[in-house]
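Protein chains in written order, with this note's numbering: chain E, 8 to 303; chain W, 9 to 296; chain Y, 23 to 442.
Even for Gly, the Cβ is constructed at its ideal location relative to N, Cα and C.
Please read all numbers here as calculations on a predicted model, not as lab measurements.
Input: a single structure, listed below in structure tokens.
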Amino acid sequence: MKRQKTSGMEKKLVRQYLILVLPGMIIFTIGLIVPLFLSFRYSLTSWDGMSSEKIFIGLENYVKLFKDSEFRDAWWFTIKFTIGNTIIQNVLALLFAVALDSGIRAQKLYRTAFFVPCLISAVVVGFIWLKMFSNVLPALNDFLGTNFNFLLFGKAETVLGGLLIANNWQWVGYWMLIYLAGLQSVPSELYEAAKVDGANAIHRFFNVTIPMLAPAITICVVGITTGSLKVYDLLVASTKGGPGRASTSVIYKTYTTAINGRQYGYGSAMTVTLVLALLLVAVIQVKGLRKKEVQA
Amino acid sequence: MAREKKQKEEVVKQPYTKGTLAVQIVMTICAIIYLAPIFIIINYSFKSKKELYLGSPLALPKSFNLDNYVKAFQKLNMKATFLNTLFYTAVSVLVLAILCGTTAWAIARCHRKFFKFAYIYFIVGILIPYQALFLPIYTIGYKMHLTNTRYGIILMYVATGISFGVFLMTSFMSTVPLELEESARIDGCSVFQTYFRIVLPLLKPAMATLIIMQAFQIWNDYLLASLYVSKKQLKTLTVAIQSLFSAQTSDYTTAMAAIVVSVLPIAVLFLSLQKYFIKGMTVGAVKG
Amino acid sequence: MKRKAMSIVLAASLCAGMMAGNSVVCSAAADEEVTLIVLAGQSTTDAGIEDMIDEALAEQYPNITLEWECVDWGNDFQPKMQQYLQSGLPDIMIGKAQDVATYAPQGVLGEIDATYLDRGLDAARENVTVDGKTYGMVYNALYQGVYYNKTMFKDNGWEVPKTLDELQAIIDDCKAKDITPFASHMVDTWSIGNVTMQFCMNDVFNKTPDWGDQFRDGKVSFSDSEDMQNAYNYNKLIFDNTYGDTFSTEQTDCDAKMVLGEAAMKVSGSWSIQNFLDIDENFDFGIFPFPNQTGDSKLIFEPNITVMTSAETEHQDAVNAFLDVLTGNKELAVEILDYTKTASMLKDVTPTFDNPSQEDIDKYAADNMIVDVTLGNNQLVWGGFQEENAKDIAAWLQGQETFEECLKASDGRVDASSAN
Chain E
8 MKRQKTSGME KKLVRQYLIL VLPGMIIFTI GLIVPLFLSF RYSLTSWDGM SSEKIFIGLE
68 NYVKLFKDSE FRDAWWFTIK FTIGNTIIQN VLALLFAVAL DSGIRAQKLY RTAFFVPCLI
128 SAVVVGFIWL KMFSNVLPAL NDFLGTNFNF LLFGKAETVL GGLLIANNWQ WVGYWMLIYL
188 AGLQSVPSEL YEAAKVDGAN AIHRFFNVTI PMLAPAITIC VVGITTGSLK VYDLLVASTK
248 GGPGRASTSV IYKTYTTAIN GRQYGYGSAM TVTLVLALLL VAVIQVKGLR KKEVQA
Chain W
9 MAREKKQKEE VVKQPYTKGT LAVQIVMTIC AIIYLAPIFI IINYSFKSKK ELYLGSPLAL
69 PKSFNLDNYV KAFQKLNMKA TFLNTLFYTA VSVLVLAILC GTTAWAIARC HRKFFKFAYI
129 YFIVGILIPY QALFLPIYTI GYKMHLTNTR YGIILMYVAT GISFGVFLMT SFMSTVPLEL
189 EESARIDGCS VFQTYFRIVL PLLKPAMATL IIMQAFQIWN DYLLASLYVS KKQLKTLTVA
249 IQSLFSAQTS DYTTAMAAIV VSVLPIAVLF LSLQKYFIKG MTVGAVKG
Chain Y
23 MKRKAMSIVL AASLCAGMMA GNSVVCSAAA DEEVTLIVLA GQSTTDAGIE DMIDEALAEQ
83 YPNITLEWEC VDWGNDFQPK MQQYLQSGLP DIMIGKAQDV ATYAPQGVLG EIDATYLDRG
143 LDAARENVTV DGKTYGMVYN ALYQGVYYNK TMFKDNGWEV PKTLDELQAI IDDCKAKDIT
203 PFASHMVDTW SIGNVTMQFC MNDVFNKTPD WGDQFRDGKV SFSDSEDMQN AYNYNKLIFD
263 NTYGDTFSTE QTDCDAKMVL GEAAMKVSGS WSIQNFLDID ENFDFGIFPF PNQTGDSKLI
323 FEPNITVMTS AETEHQDAVN AFLDVLTGNK ELAVEILDYT KTASMLKDVT PTFDNPSQED
383 IDKYAADNMI VDVTLGNNQL VWGGFQEENA KDIAAWLQGQ ETFEECLKAS DGRVDASSAN
């Protein structure tokens, strides 16, 4: 109806919208996109990170990468860590949230207790659990006269479990809050209606609660997955990637290769592959989860 | 709004049954286990070096000595590092709130191809681990004279946080009623006027979420801070504490005291603002 | 209400930040003052010496202020240097002797004036000199070898072992008496790397000082070299005769157990002394080199704190003043040496702390049975090579890799084995 009249106006509008978008885009470009391209450029060189000359070697680094078993192991660790986190954290957070929402007294107190660990930075959390596993918990054995193996960071087989405990200790409270908020916003008449239909508690949980929590689930799953794939800080003050290389994540491997190993070009190639893989995972996830949300 | 009221009613209505009691007991045990490491840190922080080596980690300290705290306070250069961290966090978060709001709104309202591209462009950033890009990020920083400056580190926090912010705000935009905006436009408001007068006030809850989520990240960030602010008087808490860890491997009672000292302010802040924190976090997680 | 709370927090933080910002501007504005930027890569025992240096400098040169950036040498020094190589080096860098070989060829380090070098021991110069120019001022030194509980050795009638057989006899006797032969903390990969280099010094580099060069030329390799395999294998000897939970035992606890008499020996370095004496000031210990195949092991000596300067500093005078204080102020030197429990590399300076192992050190020194580990660290660098090899050794000890795989992994890292 108004089309003809507004074409001039619309241009003006678009210009104004552009002004709103551009500052953020520029900062973002400088801070992340340009470095990304720099990384790609360096990945085609044999640069050591120090000297002034950067020799172009084409795709040699990438060829090397595919044969590098240490890098493959780092990926394998990262994937296991991510899957473990996504499952445990989501389930625990949801369980805690449901428990807190079940009408128990002093809900706020519990909320605070579970939330406090995520106020602490991951570097510190790593350090705390290092002490927990190697000093505190073994002393608990002496105290109780039991013989649990608490030295989780000391063995390649158990280090993943130890890190999962540390990571979940830190983050469950955070995601729990999001689920709790989601739960509290579920209109009670939905439950009433389900009750009238004769659905029991478990049915109600899966047929009412879960679908209503879809947006919260999306946020939590995406947040936990990307967070876990990027794991680095947690390792810095705890296992340092060990024992051996048993807990070396992709980022940790990249760091030690590019910096400590003075193979900046090769490390950059690792970065590029990591970024590509992350993008792939994310696209699949967002598409999949969003679709479910719509259906719900 | 109406929903909120119902929710409150519901809480009151829930009866306290045996089942609830069982849940209460289980959760109490969980909470105690959860808080145990915190008690242990606090316990450690009062111990002397001898007690650390020779006593059981579970034993209580013999005396309530504050030596470790005094040492930690000095070693961390607490006054400066704390103010620095607070300043970087507050300013970055403020800038992020402004930028993400305007960006997300423009993306949601203008259906040109460019804006769709802009959205994808920003989303890419959620998935790029800036940890992996730290060296080129630093290279950019020194080339543009951003390192060892306050605005440099803030700019970087904004750059690394903006993707998530835009994602969050855009998903919230669908809950902002279009009618209000349209009537404002008909009244002759420009895009900017519409945003700041009509939309921004409606975005407050989303802004709160954004601010809280980013504040945590920035407060606890280690890598960017260690790259951008190496000068002693510009350092942040996490960087100071990390160097304390590596320097005090033989004396971790001091490190434990430092942990307490560094977490305490943010914990107090959280406890006193808990209500707002949680209200803010509700937004993204709840179906609009 | 909510808005109020938020705005109060924000306003408070803004004010606070601005105040902090102002104070920085003020201190930089006074122009006759010179501020030197110092990057200090420290070992665990070094943290704290910066305050001592500040104090001494303030007395002698009150116009000079040092702006310290202290990082962990093992993990963070190289990354920091890498950054600074792109943006310009700090005026002063404190690292280890082996850093000179890494950074001097980049042409970024300044030559140290002979005035200050002459105040140091000549022995300190060799490994920090590249093409006839000296780029590092070595300040103190560590000793590395096997620390042993003297009282325990006396009580059990053990002699200091010179050969591996003698060492094995002690190990066997330990086991019979329910004593852990070796204290170790393999949770720290660096300690595995460190002891491996000690073994290499006496089994590889003593025979073939240019083993690393030959390795890069393809003449020798880990998979073929029996000497190198011996050196690697000693790790297994330690692992089989140490705490069961060594991969979860940290240095502090490891040292505490040794002081408490749970273990007899520890392959380590001077950094353990601080811990030993902290736990029990009367702990009596000595040191001997880990025996090698030929029974002629030397005690290992490592130049530690090494001052390097930037070739492009704008304040050369102030940098020299810093060197003057460091090398000329004997009181300061003694204070630092006593604090770090290290040996002096300055002429006429001797630390005054009571070091039970000094007797042994003097004996080896008198017999000329001391060797500088910088040679080994220059032949096969720490970062990216020794460090990575140590991870493979850990994986091998834990049964994650075979010995052959472990050796092969080291061979595969040949490109990273040299600093240049």
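Contacting positions in the region 254–278 of chain E - beta carbon closer than 7 Å to chain Y: Residues passing the 7 Å Cβ filter: I266, N267, G268, R269 and Q270.
Buried or exposed for Y:P84, going by 16 or more other Cβ atoms inside 10 Å? The residue in question, Y:P84, is exposed, as its Cβ has fewer than 16 Cβ neighbours within 10 Å.
Run through the region 72–157 of chain Y for me and flag every whole beta strand (DSSP E) of 3 or more residues, listed as ranges in chain order. Here the runs fully enclosed are 86–94 and 114–117.
Which residue comes first and which comes last in the beta strand (DSSP E) that contains Y:K288? First-last of the beta strand (DSSP E) with Y:K288: A285 to G291.
Determine the extent of the beta strand (DSSP E) in which Y:N171 is found, giving its start and end residues. Segment N162 to N171, the beta strand (DSSP E) holding Y:N171.
Span of the beta strand (DSSP E), counted from its first residue to its last, around Y:I309: Segment F307 to F310, the beta strand (DSSP E) holding Y:I309.
Can you tell me which of Y:A119, Y:A163 and Y:D194 puts its alpha carbon nearest to the alpha carbon of Y:Y157? Checked all of Y:A119, Y:A163 and Y:D194; the closest Cα to Y:Y157 is Y:A119.
So, does the CB of W:P144 fall closer than 8 Å to a CB anywhere in chain E? Yes, its Cβ sits closer than 8 Å to a Cβ of chain E.
Could you tell me the boundaries of the beta strand (DSSP E) in which E:M57 lies? In the DSSP assignment, E:M57 falls outside any beta strand (DSSP E) and carries neither an H nor an E.
Consult DSSP for Y:E353 and reduce its assignment to one of helix, strand or coil. Helix.
Three or more C-beta pairs below 8 Å linking the region 63–82 of chain W and the region 39–54 of chain W: The region 63–82 of chain W vs the region 39–54 of chain W: in contact.
E:M8 - DSSP class collapsed to helix/strand/coil: Summary for E:M8: the model assigns pLDDT 45, below 50, so the residue's position carries little reliability; its value from the coordinates is reported in the next sentence. Residue state, collapsed to three classes: coil.
Can you check whether the CB of Y:T211 is closer than 8 Å to the CB of Y:A412? Judged by their CB atoms, Y:A412 and Y:T211 are nearer to each other than the 8 Å cut-off.
Looking at Y:L131 and Y:A340, is the spacing between their C-beta atoms short of 8 Å? Going by C-beta atoms, Y:A340 is not nearer than 8 Å to Y:L131.
Compare the C-beta of W:V271 against all C-beta atoms of chain E and say whether one is closer than 8 Å. Put simply, the CB of W:V271 is near chain E, with a gap under 8 Å to one of its CB atoms.
DSSP on W:T111, reduced to helix/strand/coil? Secondary structure of W:T111 (DSSP, three-state): helix.
What separation, rounded to the nearest whole angstrom, lies between the Cα atoms of W:T93 and W:F224? So the alpha carbons of these two residues sit roughly 11 Å apart.
Starting from Y:F204, follow the alpha helix (DSSP H) in both directions and report where the run begins and ends. Here Y:F204 belongs to no alpha helix (DSSP H); instead the beta strand (DSSP E) covers T202 to A205.
Does any residue of chain Y have a CB that is nearer than 8 Å to the CB of E:R252? It does; some Cβ of chain Y falls within 8 Å.
Nearest-angstrom Cα separation, counted from Y:V347 out to Y:T78: The amino acid at residue 78 of chain Y is misidentified as Thr; the sequence shows Ala. The straight-line gap from Cα to Cα measures roughly 7 Å.
At a Cβ threshold of 8 Å, is W:F278 touching chain Y? Against chain Y, the CB of W:F278 has no partner CB under 8 Å away; the residue lies outside that interface.
Quick check on DSSP: helix, strand or coil for W:P209? Three-state result, W:P209: helix.
Starting from Y:F221, follow the alpha helix (DSSP H) in both directions and report where the run begins and ends. Note, Y:F221: alpha helix (DSSP H), T211 to C222.
From the DSSP output, in three-state form, read off Y:E324 for me. In this structure, Y:E324 counts as strand in the three-state DSSP scheme.
Go ahead and pull the three-state DSSP assignment for Y:N44. Any reading at Y:N44 must be qualified, since the residue scores a pLDDT of 40, below 50, and its modelled position is unreliable; the value itself is stated next. Here Y:N44 sits in helix by DSSP.
Start and end of the beta strand (DSSP E) containing Y:G421? In this chain, Y:G421 is not harboured by any beta strand (DSSP E), its DSSP state being neither H nor E.
In its own chain, which residues sit with a C-beta less than 7 Å from the C-beta of Y:M391, not counting the 5 before and 5 after it? These residues qualify, in order along the chain: K320 and L321.
Would you be able to state if there are at least three C-beta pairs under 8 Å between the region 187–206 of chain Y and the region 394–408 of chain Y? By the criterion of at least three beta-carbon pairs nearer than 8 Å, the region 394–408 of chain Y is not in contact with the region 187–206 of chain Y.
Whole runs of the alpha helix (DSSP H) within the region 80–140 of chain E, excluding any shorter than 4 residues: Taking only runs of at least 4 residues, the alpha helix (DSSP H) segments lying wholly in the region 80–140 of chain E are 114–122 and 129–138.
Can you tell me whether E:G295 is buried or exposed? The criterion is at least 16 other CB atoms within 10 Å of its CB, across all chains shown. With fewer than 16 other Cβ atoms from the protein chains shown falling within 10 Å of its own Cβ, E:G295 counts as exposed.
Under the criterion of a Cβ to heavy atom distance below 7 Å, does W:L208 qualify as lining the ligand FAD? The ligand FAD is absent from the structure shown, which contains no ligand whatsoever.
So with Cβ pairs under 8 Å, would you call Y:C276 a contact of chain W? No, no contact with chain W.
For Y:A33, collect the residues of the same chain with a Cβ closer than 7 Å to its Cβ; drop the 5 residues on either side in sequence, then sort them by chain order. Low confidence applies to Y:A33: its pLDDT is 46, below 50, so where it sits in the model is not reliable, and the reading given next is rough at best. So no residue of the chain qualifies.
W:A105 beta carbon less than 8 Å from that of W:M181: Cβ atoms of W:M181 and W:A105: not closer than 8 Å.
Does the CB of Y:E91 have a neighbour CB from chain W at under 8 Å? It does; some Cβ of chain W falls within 8 Å.
Return the CA-CA distance between Y:Y161 and Y:N326, expressed in angstroms with no decimal places. Looking at the two C-alpha atoms, the distance is approximately 7 Å.
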